[in-house]
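Converting from the sequence shown to our numbering requires adding 596 to each position, the first position being numbered 1.
Cβ coordinates follow ideal geometry from the N, Cα and C atoms, glycine included.
Quick caveat, the model's predicted, so the values are computed rather than measured.
Notes for the one structure printed next.
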Amino acid sequence: MRNANSYWPGCNSGATATQCNGNGNKFIGWDGADSGSSNGTDDNETFRAWQHLSLSNLISRTFSGVSLGGTDLATPNDMYFSSTGKGKYFLDSANMMFNRQKSNYAVLGTSVLGQNIWMPTLTVREASEIDRKIDDGVASQGKVFGATGLGTGSDTNCSEIYNSASTGADYNTANLSNDTKYCVMAFYFDF
């Protein structure tokens, strides 16, 4: 929100208006250049979005709006991650990800201590079923994407997304009966 500082005094927490406010471009930006913040790791819209949701009473937890040391590690207490029973959500936007134009997205990944949010949390069957039930069932099309999580040993364990420049990359059917968690999900949304 570009003028959050005017609405919520609690947004400030010692930050300047520039650090507290978004830039008004409708995208949740990760780095300082996109969000207009002075520090691309500790203070950006990815962290501020959770704080703005809290200050507007849309979520119950309290968020400071800055990271702990500028990391994106999925520790249980990182303020910009929202606990779910199975993983964690992360808000961001991307200029071009999975062959999409710039859009906001939420990632459902794993909350493994000290690991990046892109660690796998779903089996290929779970990811493909979620995609099929709420979108188009294709890993790299529509509003729901399934991607191979980091640390799985192969970029194609869940889908061919990272290895394909074309739309239509699909879930790796060789892994449908495998109980190993290979996948993360990205849910795209626009305001």
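For this session: For the beta strand (DSSP E) holding F785, just list the boundary residues, first then last.
Result: DSSP places F785 in the uninterrupted beta strand (DSSP E) bounded by 779 to 785.
Exercise. With a CB to CB cut of under 6 Å and the five nearest residues on each side skipped, what residues in its chain are close to F785?
Worked result: Same-chain partners within the cutoff: N700.
Problem set entry | Separation of A645 from C651, as counted between CA atoms | This sequence places Leu at residue 651; Cys is not what is there. Taking the straight line joining both Cα atoms gives about 10 Å.
Exercise. What residue from I655, N653, A702 has the CA that sits closest to T642's CA?
Worked result: A702
For this session: Tell me, to the nearest whole angstrom, how far the beta carbon of C616 is from that of P716; I am working on the premise that it is less than 8 Å.
Result: No, C616 and P716 are not in contact; Cβ-Cβ is about 34 Å, not under 8 Å.
Exercise. Grouping DSSP H, G and I as helix and E and B as strand, with all else coil, what is A743?
Worked result: strand
Exercise. S755 bridges to which residues according to DSSP?
Worked result: Y767
Exercise. Does DSSP put L651 in a helix, in a strand, or in coil?
Worked result: helix
For this session: Evaluate L718 with the Cβ neighbour count: other Cβ atoms within 10 Å of its Cβ, from every protein chain shown; 16 or more gives buried, anything less gives exposed.
Result: Counting the other CB atoms within 10 Å of its CB gives L718 a total of 16 or more, which places it among the buried residues.
For this session: Would you kindly work out how many angstroms separate the C-alpha atoms of I655 and F783, rounded to a whole number?
Result: Rounded to whole angstroms, the gap between the alpha carbons of I655 and F783 is 19 Å.
Exercise. Who are the near neighbours of S724 in its chain, counting only those whose CB is closer than 6 Å to its CB and skipping five residues on each side?
Worked result: Same-chain partners within the cutoff: Y767.
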